[in-house]
Amino acid sequence: MGGGTKEFDIATTGKKLVIQELENMSDPQTGRILTGSWVWDSSVLLSEWITNQQQNEFDLQGKTVLELGAGMGIPGMTAALLGASHVVLTDVKSLITGLRNNVDINSLGDRVKVGELVWGSEESWSSLVGNIPELAHRIDLVLMSDVFYDITSMPELGRTLKWIVKSNEAQVWCATEIRTWTSQCLYELMKEGFNVTNSLNSPSLISSSSLMSDDDPDENQPSFAVFQIVPRII
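Numbered per the numbering used here, the sequence shown spans residues 202 to 435.
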């Protein structure tokens, strides 16, 4: 997989995003293929979702947007095309060059920046904020797509989200494909002090009891989901 060029129409803007996938980049330490090397359907879904929400609820004009586990950066760059003044795309070191290349291809360097971020590392977060001052002022929206696949990384993601929301009123929106391990990943994130909801005023989409169930998902369950993660109020 990977290595091709894809184009995506961004509705309401009359513009396209051109994405250059990578040729199966691997982690230099583990040798594992980095799945962020190519476009995943969830990133396209989240891009389409924020485009639709822009017309109804979101006003991205002048906002600061942070994308975690950005991969190819489609949702974040979509936010830039929709009017966000500052967008920061983050991922592991091996994917940074590809992200910067996609930003340059789409001539978005004036408002989209790229930085390495290691989840769970306060030093990494502090370094990112130090290098990109816009993050120190305010973060309005956090985007994540298809990052719920490694259960062991959820505590680290939870710590990073805590640092982000601690000093910001950022909304955190996610898209994911529903897989057998998705519920357990979200349950681990909930243990870090977050709820999974459809909106700030709605009940959780997934309860802790259902997250712990080993039963197979209902055949009629949607393949993908878009949801919000909010800090639990104690």
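Glycine residues also receive a C-beta, built at the ideal position from the N, C-alpha and C atoms.
On a predicted model such as this, the values are computed, not experimentally measured, just so you know.
- In the structure shown, what three-state DSSP assignment does serine 368 receive? In the structure shown, serine 368 sits in coil (DSSP, three-state: anything other than H, G, I, E or B).
- Note the first and the last residue of the continuous beta strand (DSSP E) segment covering leucine 267. Bounds of the beta strand (DSSP E) holding leucine 267 are 265 to 268.
- What is the DSSP secondary structure of leucine 498, reduced to helix, strand or coil? With the chain represented from 202 up to 435, any question about residue 498 goes unanswered, as that position is not in the structure.
- Item | Counterpart residues of tryptophan 382 in DSSP-defined beta bridges | Paired residues: none, contrary to the question.
- Would you mind stating whether leucine 309 and alanine 271 have Cβ atoms separated by less than 7 Å? Cβ atoms of leucine 309 and alanine 271: not closer than 7 Å.
- Task: Would you identify the three-state DSSP class for glycine 299, choosing helix, strand or coil?
- Result: DSSP, reduced to helix, strand and coil, places glycine 299 within a helical segment of the structure shown.
- Message: Tell me which residues share the same chain as glycine 284 and place their Cβ nearer than 6 Å to its Cβ, disregarding the 5 neighbours each side in the sequence.
- Response: Closer than 6 Å at the Cβ level, and outside the excluded window around glycine 284, lie Leu261, Gln262.
- Ignore the nearest five residues each way along the sequence and tell me which others in leucine 267's own chain have a CB closer than 6 Å to its CB. The residues are Val289, Ile340, Val343.
- Just confirm the distance between the C-beta atoms of leucine 390 and methionine 355, as a whole number of angstroms; I'd bet it's less than 8 Å. Taking C-beta atoms under 8 Å as the contact rule, leucine 390 and methionine 355 qualify, at a distance of about 5 Å.
- With 16 other CB atoms within 10 Å as the buried threshold, where does asparagine 396 fall? Looking at its Cβ environment, which holds 16 or more other Cβ atoms inside 10 Å, asparagine 396 is buried.
- With a floor of 3 residues, list each beta strand (DSSP E) that falls wholly inside the stretch 269 to 294, ordered by position along the chain. Counting only runs of 3 or more, we get 287 to 292.
- Query: Applying the criterion that 16 or more other CB atoms from any shown protein chain within 10 Å of the CB defines a buried residue, is asparagine 303 buried or exposed?
  - Reply: That one is buried.
- Query: Around the C-beta of isoleucine 211, are 16 or more other C-beta atoms found within 10 angstroms, so that it is buried, or is it exposed?
  - Reply: Under this definition isoleucine 211 is a buried residue.
- Query: Among residues of its own chain, excluding the 5 on either side of isoleucine 275, which ones have a beta-carbon nearer than 7 Å to its beta-carbon?
  - Reply: The beta carbon of isoleucine 275 sits closer than 7 Å to those of Phe209, Leu218, Ile220, Val240, Ser244, Val245, Ser248, all from its chain and outside the five residues before and after it, given in chain order.
- Rounded separation between aspartate 351 and glutamine 255 - CA only: CA-CA distance, aspartate 351 to glutamine 255, rounds to 31 Å.
- Task: Measure the beta-carbon distance from asparagine 307 to methionine 273 and round it to whole angstroms, keeping in mind my assumption that it falls under 8 Å.
- Result: Not confirmed; about 11 Å, so no contact.
- Express the C-alpha separation of alanine 371 and tryptophan 364 in angstroms, rounding to a whole number. Near 11 Å, if we compare the C-alpha coordinates of alanine 371 and tryptophan 364.
- Length of the line joining the Cα atoms of serine 295 and glycine 331: A straight-line Cα-Cα distance of about 21 Å links serine 295 and glycine 331.
- Quick one: Cα of glycine 359 to Cα of aspartate 242, how far? The straight-line gap from Cα to Cα measures roughly 24 Å.
- Task: May I have the straight-line CA-CA distance separating phenylalanine 349 from aspartate 311, to the nearest angstrom?
- Result: Phenylalanine 349 and aspartate 311 have their C-alpha atoms spaced approximately 30 Å apart.
- Task: Quick one: give me the first and last residue of the beta strand (DSSP E) that serine 346 is part of.
- Result: Secondary structure note for serine 346: its beta strand (DSSP E) is the uninterrupted segment 342 to 346.
- Query: So valine 315 is in the beta strand (DSSP E); what residue range does that whole segment cover?
  - Reply: Following the DSSP letters along the chain, one finds valine 315 inside the beta strand (DSSP E) bounded by residues 313 to 317.
- Straight-line CA distance for lysine 314 to tyrosine 388? Distance between the alpha carbons of lysine 314 and tyrosine 388 is about 31 Å.
- Item | Residue closest to valine 373, alpha-carbon to alpha-carbon, out of Asn253, Lys264, Phe428, Gly299 | The shortest C-alpha separation from valine 373 is found at Phe428.
- Check each candidate in Gln385, Ser322, Asn399 and name the one with the smallest Cα separation from threonine 353. The shortest C-alpha separation from threonine 353 is found at Gln385.
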